[in-house]
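Per full-length UniProt numbering, the sequence shown starts with residue 1, numbered consecutively.
Even for Gly, the Cβ is constructed at its ideal location relative to N, Cα and C.
On a predicted model such as this, the values are computed, not experimentally measured, just so you know.
Step one of this worksheet: look at the structure below.
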Amino acid sequence: MSKILELKSIENFLGFHFLVKDYQRGYKWTATEVRQLLDDLNEFEPKENEFYCLQPIVIKADNDKKELIDGQQRCTTIYLILQYLGQHLFDITYQTREQSAEFLNEIATLNLSGEWNDWVASHSKKDNVDNYHFFQAYRAIQNWFAEKSEDEKSHFLEKLLSKTKVIWYEVTGEIDSIELFTRINSNKIPLTEAELIKALFLIALTDTSTQREWVVAQQWDKIENELEEDEFWYFITANIPPATPIDYIFSLSKVVKKQENYQGEYPIFNAYYNAYKNAKNKKQWVETQWNEVRNNFLTLKEWFKDFEYYHLVGALIHLGYNINTIFDLKLQSNSKIAFKEALKAEFTKIIGSFGNNLENVYYNSGKERKALLLFNIISILQSEENAYRFPFNKFKTMNWDIEHIHAIATDTNNKDVQKAWLRENKEYISGTLRKEIEDMLSQKEIEEEKLSSLVEKVTNELSEKGFDNDNINDISNLTLLDSGTNRSYKNIIFPLKRMRIIEEDKKGTFIPLCTKNVFQKYYTPNASDLSIWSKEDKENYRQSIITTFNTFVNNGK
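Put into structure tokens, the structure is as follows:
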């Protein structure tokens with residue numbers, strides 16, 4: 001499937017034959033909608049190189065006809081206006097009823113007047129729902145032009161033909177019309193907001209003397225290319241990139257923010273389109289809008305390149321902040337220093353929700369992921385070297401889990417979990433207890449009571465070896481690990497998990513800084529036994545998190 005996207009003047013419809021197939025609803029515009037279009041066109045007084053822009057018409061080439069997939073209401077209304085003004089520029093055929101096609105094509109010769117019920121009483125063969133709507137629209141056109149002079153009609157016709165353009169989207173190739181129609185109405189049509197905005201901007205900027213439209217097109221392409229880089233994209237948003245990531249940059253503009261509650265199709269484009277229609281100097285308006293878009297993009301790039309901005313902004317984005325909130329903080333700050341302080345203040349608010357001793361942070365509290373991400377980010381900011389940057393792209397795409405540093409079979413109601421825990425950890429158990437584990441795991445049917453009893457015995461054995469099995473869901477026993485690695489390791493105890501994480505790190509798998517520190521016992525001074533995660537280790541780890549947060553809150557770093 002290929003597509004053509006361009007702005008097409010109404011006068012370029014000359015000789016076209018549009019077809020509206022029977023799977024579509026009929027013509028439904030009311031007199032109010034017809035008058036609104038007429039009023040808008042009438043009020044528009046174009047200056048040099050300006051034009052009135054109608055919303056998209058989607059076309060599928062069908063031999064010598066052009067099938068109207070979307071935009072039949074606008075196209076039919078324009079046809080009716082031209083018929084009234086004595087211009088048979090193009091044809092439209094509605095496939096639903098032969099009488100409807102005939103009525104539409106001869107409507108200017110029928111001397112329509114009065115109300116539908118009166119007229120159809122003497123033209124009973126014309127009585128159907130399509131003709132009713134054609135009649136009402138045409139009568140609205142007659143009434144609207146009734147008080148216009150011939151000069152006014154001529155001026156209106158000139159504007160309609162040469163100064164009115166539609167965004168023309170033509171699809172060619174093997175694609176089923178009904179499928180295309182369905183995709184349009186379920187917002188799956190491959191026509192994007194960015195394509196529509198680009199057509200609007202570039203045509204408005206057409207000026208062969210300065211080639212300004214070429215410059216904007218080059219800048220546009222550069223922005224699109226840079227937004228395709230994962231490292232940059234996942235710094236500015238935690239969402240998977242859409243088909244055209246530049247839509248995200250357009251969504252930051254003042255024009256779009258004013259219409260942020262718009263629920264219709266193409267909300268970003270419609271925000272621009274509505275503002276464009278009302279702009280007195282359209283070329284200057286487009287220049288202003290494009291400069292804002294480009295400046296917003298360059299601001300994001302500046303933040304991305306700056307070590308401190310990168311971590312402050314990126315962390316807030318992945319903590320659920322909207323990029324518009326970040327821009328608002330920037331606007332409220334009178335300097336770069338003030339802006340950074342404002343970003344840090346947001347960190348402080350979040351840290352405050354954890355409690356003085358992190359008592360509000362535990363497994364499934366809803367705060368543990370935030371606390372561990374901030375611990376990593378602040379640790380990086382507090383490092384003396386700025387060589388390491390937290391990879392927000394991997395943080396998003398690798399689906400990070402909360403990992404128990406030392407795991408026990410906590411789900412005592414799930415036999416599969418208990419068996420997996422015993423299977424993974426039996427190699428750290430010796431003697432008769434290990435033999436007991438092997439014997440039980442070899443059985444096809446295991447009694448629940450015996451399984452739970454064995455799990456308890458193994459847990460006690462590990463405790464005697466120095467493993468701390470208390471407060472297993474406390475923040476002091478949690479760290480970040482990607483879901484793939486975590487699913488593989490989640491049931492094993494500390495020494496085995498440590499060995500496997502070291503192996504993954506050697507292979508180049510990304511392991512967060514603080515997760516590596518945990519399994520290297522970085523937070524325990526003079527750590528002598530690397531094979532257990534003891535009560536002392538847990539307390540040192542907890543205190544390191546508290547100290548890191550307190551230092552940041554008090555010193556801003």
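Asked	Found
Cβ pair count under 8 Å reaching 3, the stretch 314-323 against the stretch 216-231	no
Contacts around Glu302, its chain only, beta-carbon distance under 8 Å, and the 5 residues preceding and following it disregarded	Tyr309
Spatially closest choice to Leu54 from Gln73, Asp64, Lys60, Lys47, by CA coordinates	Gln73
Environment of His133 [buried if 16+ CB atoms lie within 10 Å]	buried
Paired residues, beta bridge with Phe44 - DSSP	BP columns for Phe44 are empty, so no partner.
Candidates Gln95, Gln87, Asn393, Lys394: closest to Leu157 by CA position	Gln87
Enclosing alpha helix (DSSP H) for Lys60 [first to last residue]	Taken as a continuous stretch (DSSP letters only), Lys60 belongs to no alpha helix (DSSP H), being part of the beta strand (DSSP E) at 52-62.
For His404: DSSP bridge partner residues	Leu478
Beta-carbon proximity list for Ala194, same chain, < 6 Å, skipping 5 on both sides	Thr244, Ile246, Asp247
Presumed contact (8 Å Cβ cut-off) between Thr192 and Tyr52, rounded CB distance	About 23 Å; that fails the 8 Å criterion.
Close beta carbons around Phe510, own chain, < 8 Å, minus the five adjacent residues each side	Pro391, Lys394, Met398, Asp482
Phe18 - DSSP class collapsed to helix/strand/coil	strand
Buried versus exposed call for Arg542 [16 or more other C-beta atoms within 10 Å across all chains shown]	buried
Through-space distance from Lys521 to Ala527, alpha-carbon basis	7 Å
At least 3 beta-carbon pairs within less than 8 Å: the stretch 118-133 vs the stretch 13-28	yes
Span of the alpha helix (DSSP H), counted from its first residue to its last, around Glu503	494-506
Nearest candidate by alpha-carbon position, reference Pro525, set Ala279, Phe519, Asp537	Asp537
Length-filtered (3 minimum) beta strand (DSSP E) runs lying within the stretch 287-347	none
Extent of the continuous alpha helix (DSSP H) run through Ile78	72-84
Nearest-angstrom Cβ-Cβ length linking Leu202 and Tyr272, presumed shorter than 8 Å	The Cβ separation is near 13 Å, so there is no contact.
C-alpha distance - Tyr362 paired with His406, whole-angstrom precision	14 Å
Euclidean distance between Cα positions of Gln443 and Lys415	13 Å
Residue environment, Phe307, which counts as buried when at least 16 other CB atoms sit within 10 Å	exposed
Integer Cβ distance of residue 636 from Ile107, believed to fall under 8 Å	The displayed coordinates of the chain run from 1 to 557. Any statement about residue 636 would go beyond what the structure contains.
Own chain residues within Cβ distance below 7 Å of Phe103, not counting five before or after	Lys126, Asn131, Phe134
Selected residue, minimal CA-CA separation from Leu433, among Ile446, Leu454, Glu503, Asp505	Leu454
For Lys457, the three-state DSSP class (helix, strand or coil)	helix
N- and C-terminal bounds of the alpha helix (DSSP H) containing Tyr272	267-278
Counted within 10 angstroms of its Cβ, other Cβ atoms place Lys507 as buried (16 or more) or exposed	exposed
Complete runs of the beta strand (DSSP E) confined to the stretch 215-239 [at least 3 residues]	none
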